[in-house]
Structure formats: structure tokens, C-alpha cells
Amino acid sequence: MEMQLQWKCWLMFLIGLSSYSSAYRILFMGPFPAPSHWLWLEHFQRDLLRQGHHVTSVNNHPTKQPHENLTEIIISPSFDIPKHFPKKNIFTMQFASDFQNLQLWWTIGLMTTEHAFKDPKVQKLIASQDDHYDLVILEQFFHEAFLMFGKKFNCPVVTIGTMGYADNMDHAMGILTPWSVIPHLLLSHTDQMTFSQRAYNAYISLYDAVMRRWFYLPKMQELAEKYFQGVIAGPLPHVHDLERNISLMLINSHRSVDLPRPSMPGLIDVGGAHIQPAKQLPDDLQAFLDKATHGVVYFSLGSYMKSTDMPPEKTALILKAFGQLKQQVIWKYENDSVGELPPNVLIRKWMPQNDILAHPNVKLFITHGGIFGTQEGIYWGVPMLCIPLYGDQHRNTIKSVREGYARSLVFSKLTVDDLVRNIETLIYEPQYKKSALEVSQRFRDNPMHPLTEATFWIEYIMRHRGARHLKSQGAFLPLYQYLLLDILGCVLLGAFLAIWLPWKMLKRAHRWWIKGEASSKLNESKKRL
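Just so we're aligned, residue 370 is where the sequence shown starts under my numbering, counting upward by one.
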């Protein structure tokens, strides 16, 4: 008995030793200050901690779940987005052009990147000489100068794209995005575009590619040189080259709802990675939902946009519409009071959204069309009324409407009648719920949970030291070689020479023949004379 106990102790020790030896040191960086981005990214961080890895996390939001293997570097104070881009303006951003949105993203990216670099704790990390990491993980969201940490620590880089695919991700992995069938990130076209849609898609995609490469990335390079010069031995690489050396990209996309597109082994879809089984709701919310005999409408504008920032007349309009419904309403409203609250409406500053949407009595989700909330609504099979405001929300909304489980309204044109009519249509017409359940079934049909798959590939990159075998050399080819323009040039030159040389020779031979004929005639004339 004692012998068996000793063997068990040794076995547990060896298992623990094996687990310890396979633990890696990871630098996890989420410099963008929007809470929704970090809420999503933190799921990946927690899963890596569960696997026993040591994580140093650079972000704006201290964790609520401390872990012995977690070291946090909190960017403080966080970049104040509302100060530079007032939230009240967002309610009019639906009228911004695609080009203005691109410029806005680039501007925010440059500002938030430099803000993070100015933090003394981040500067200490940049200057550190003793730290060692096996991997850098970075959010793929306009912070390319942070790729320099991969160079500093001489380790592979994995990025996580919160907004889905963008053309520059394809380029970094060795794919030239086919603009004929793949719409730009900002556009909501299908892969069956009309001539005018293809023309506009090509125009904005080309504008994005050129301006990004020759305007935006050079500014990112300036930031990288400003804060890393002298810290890394030798000349600093260009962020464009660092981008092409990213080992793996985890993309917030899902084959069930996003368009098919060319891919590479280093591009992995992980849409829905943040969705977990529903937890027990707080007692008051559980009772409110359970007692809703006509069902519940859930309304939220996400974690960044706040309902309290809406113009007062819109708030009053929405309350009036909610008061006309048979259903109970749960509204994420970031204040304790909202004027005259109808008896069927419950407000809370914070809501466990995933757990609410999982309740069978939830009949409708009113949303701004953010990608994370949209995916949660899809997963739980809840029809949606989308009121998009900015960024990718318009694209997400149109895709949802096209799939048949959503309707949309324009915020600036909201009326009580329109709001009530659309809510009742979505609840009482069965095709919307049917479509929502069909798409939900597709969304759930995965070989493994997306978060599990993401962790596998992250560990794969570390096990194989960057997994260079997954990288296409197309990422490093000049455009003329990628498109075989040099080969085409040689073929055209050869074809030209094959035609021109014989023609030239024939022309010269003809000239000689004519000259010979003339000489013969001249000689004959001389003889006669």
C-alpha cells in the first residue's frame, strides 16, 4: 500500500514537471482602450493561463480574475477616446464616408499607439534587458508599431483580429485579395457584385492599400523608431516587413456567416471564441425573464457606446415605443433613472448579455450591430433589430438582414411607429425566428470550440518556433513577381521579337532584292549603251 502511494506521488510529480516544462512565457498586448475589444481578447488570455502558461499582459483594463501566472502592465491613464472623439458625434457618424472612416481608424491607431508607448511601465518593458518571451500576441487593430516587440524579444508574433478580415492581413500572409469577389472591410457587398459595386470596391481597396503603405505605415514606423531606437541592436526593421513576418493571425470571422475567401494555413477563423455556456442569472433578472408571459425584448448598445449619450428626444421616443409593447423590456442603460419608465421596462447599468440572450423567453435583441453582440445573438438564435451607428456595424447589419434573421432602422430617422412596427414584425412573423435558428445551427457546427482551436494554434506556433513552414513566400515577393509580370514581360518581349526580327529580316531582304533588281537593270542598260 505504501509502495503504491509512493508511485502515485512520483507519477503526480512527473505529470506536474511535464506540465511545468511545457509552459511558455507570453507577452499579450491589447493597447486599444475600448472595453469590448479587451473583453473579447481576455478570453484568449484566460485560456492560455488555464493551460499553465505565464502571461505578461499589456492592456487598459485590470483583470477581475487574478492568476498566479499573470503579470499585468496597465496603461494608465487609459487613452480618453471620448475626449478626442466625443461620443455624441458617433450618433451622426452614420453619414461619414468610407474614406473618412479609414482616416478615423488610422488617426485613432496612431494616437492610441503613442499614448501606450508614453506609459512609463511600457517604456520600462521596451528598455528591459533581462526579460525573455517565447511569443508576442498583439491585437490586430492599427497598432503595427507594437510588432517591434517581436523583434526586441526575438520571438514569433501572433495577432488577433477583432474586426474580421482586412486586405492587409491577406497581403501579410501571401495572398492578393481578389477584389472582384471579396468586398472591402467597410463594405457590405456580397461576392456577387454588380459592375458599379466592383468598380467602387476596387477604388476604395486600392486607396486603402496605397494610403496605408505610403502614408499610414510610415507614421507607424516613426513611432517605432522614436521609442525603440537604441534599444534593439542594429537598424530597426520596417513595420511593413514585421507585418509580413507574423506567424499566425486569429481572425474574428466564421464560415457560417462570412463570405468564402482564399486563405493560408496561418489564417485561422475564431469567430464566437468568446461565447461560453450560459451562467446563472442574478435572481432579479432571472425572475423578470421567467415571468415574462409575452417574452422579453433586450436592448443594448454595447460596452463602448452608452444609451445615456443619446439625444434626450431619442431616449423619450424609445421609452414611448417600449411602453406600447406587450413584451417586457430589459435595457442596458448606464444610469439609475431614465425619466418616466414604463412598468414593463427594466434598466441596469450592466447586463450579463450572453446569459440573457440564452434565456428562452428572449424574443428579440435590439443592437447597434457590433460584431461581438451580433455573434452572441446568432449563437443563441435570437432575431435582431439593428440600429448601426459607425464602423463595421453597417456591414454586420446588412449581412444580418440578408440572412433573414434581422431588420434594420436608421437612428436619425427613428420614429415611435417604425420602432414598434419593426419589433412586432420580428417577434410575430415566424420566418425571422426560423432563420435565426438555422444560422445558429450553422454557427455552432464546429469541429471544436473556436477558443480551443485558437489556443491549439498559439501553442503550435510556440512548439515549432514560429512555424515558418506555414508561411507562404508570396508574402515576400514584389508585386511584379507575384503577378508574374516579369514572366509576362518576357513572353511579350519574346513574341514581339519573334514577329519583329523576321519582319526586319524580310524587309532588309526585300530591300536587297529591290536593290539587286535595280542594279541588274542598270547593268543591262549600260550594256545596251
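Beta carbons: idealized from backbone N, C-alpha and C, even for Gly.
When the Cα atoms are used, what is the spatial distance from residue i to residue j?
i	j	result
N523	Q850	29 Å
S405	M532	11 Å
G671	V860	56 Å
Q420	A392	8 Å
G773	S804	6 Å
L806	A403	31 Å
L586	V427	22 Å
S390	H422	Residue confidence for S390 is low, a pLDDT of 43 falling below 50, so the modelled location carries little weight; the figure read from the coordinates is stated next. Spanning the two alpha carbons is a distance of roughly 10 Å.
I753	I551	Reading off the sequence shown, one finds Met at residue 753, where the question assumed Ile. Their backbone Cα atoms lie some 25 Å apart in a straight line.
T784	K689	10 Å
L839	K683	51 Å
G543	A661	53 Å
A823	F397	14 Å
M538	M817	24 Å
T482	D855	39 Å
Q492	V779	44 Å
Any idea what DSSP makes of residue i, helix, strand or coil?
i	result
S622	coil
Y829	helix
N791	helix
Y460	Before going on, a small fix: residue 460 reads as Phe here, not Tyr. F460 falls in the coil class under three-state DSSP.
Y667	strand
R538	Rather than Arg, the amino acid found at residue 538 in this sequence is Met. Helix, per DSSP.
N438	coil
Q566	helix
I443	strand
Q598	strand
N470	helix
N428	strand
S390	Here S390 scores only 43 on pLDDT, less than 50, and its place in the model should not be relied on; the value that follows carries that caveat. S390: helix per DSSP, three-state reduction.
L710	coil
L617	strand
H763	helix
H423	strand
A578	helix
Taking residue i as part of the beta strand (DSSP E), name the residues at either end of that continuous run.
i	result
W700	Q697 to K701
I395	R394 to G399
R717	V714 to R717
S777	A775 to S777
F734	V731 to T736
I637	L636 to D638
M753	M753 to C755
V505	L504 to E508
Return the chain-ordered list of same chain residues with a C-beta closer than 7 Å to the C-beta of residue i, the five sequence neighbours on each side being excluded.
i	result
F511	W474, W475, I477 and G478
E371	With a pLDDT of 46 at E371, under the threshold of 50, the predicted position of this residue should be treated as unreliable, though the coordinate-derived value follows. Correct list: empty, nothing qualifies.
E829	The displayed chain sequence assigns Tyr, not Glu, to residue 829. Hits under 7 Å: A836.
A593	A514, M517, L605 and V608
Tell me which residue opens and which closes the alpha helix (DSSP H) that residue i is part of.
i	result
G530	Here G530 belongs to no alpha helix (DSSP H); instead the beta strand (DSSP E) covers V526 to G530.
M910	The question about residue 910 has no answer, for the chain in this structure spans 370 to 898.
V808	P799 to R813
L611	V608 to R613
P451	I450 to H453
N704	Counting along the chain, N704 falls outside any alpha helix (DSSP H), and DSSP gives it neither H nor E.
G742	I740 to Y748
A836	Premise fails: A836 is in no alpha helix (DSSP H) and is neither H nor E.
D488	No alpha helix (DSSP H) contains D488, which DSSP labels as neither H nor E.
For residue i, collect the residues of the same chain with a Cβ closer than 6 Å to its Cβ; drop the 5 residues on either side in sequence, then sort them by chain order.
i	result
L554	A535
L715	F657 and I699
T821	none
H663	K695 and Q696
S841	G543 and M633
Measuring CB to CB, does residue i end up less than 8 Å from residue j?
i	j	result
P757	H737	yes
L410	N438	no
V608	A496	no
N765	I740	yes
Y812	Y748	With the sequence shown as reference, residue 812 is identified as Phe, and Tyr is not the correct amino acid for it. Contact: yes.
V424	I395	yes
R771	N791	no
L619	G530	yes
K732	R717	no
R613	A844	yes
G635	L650	no
P819	G641	yes
I644	E745	yes
M679	F413	no
V666	I735	yes
From the beta carbon of residue i, is the nearest beta carbon of chain B less than 8 Å away?
i	result
N723	Absent from the structure is chain B; it holds one protein chain and no more.
To which residues of the same chain is residue i closer than 8 Å at the C-beta, ignoring the five residues directly before and after it?
i	result
G708	T684, A685 and L688
D467	H553, L555, L556 and I573
R624	D638
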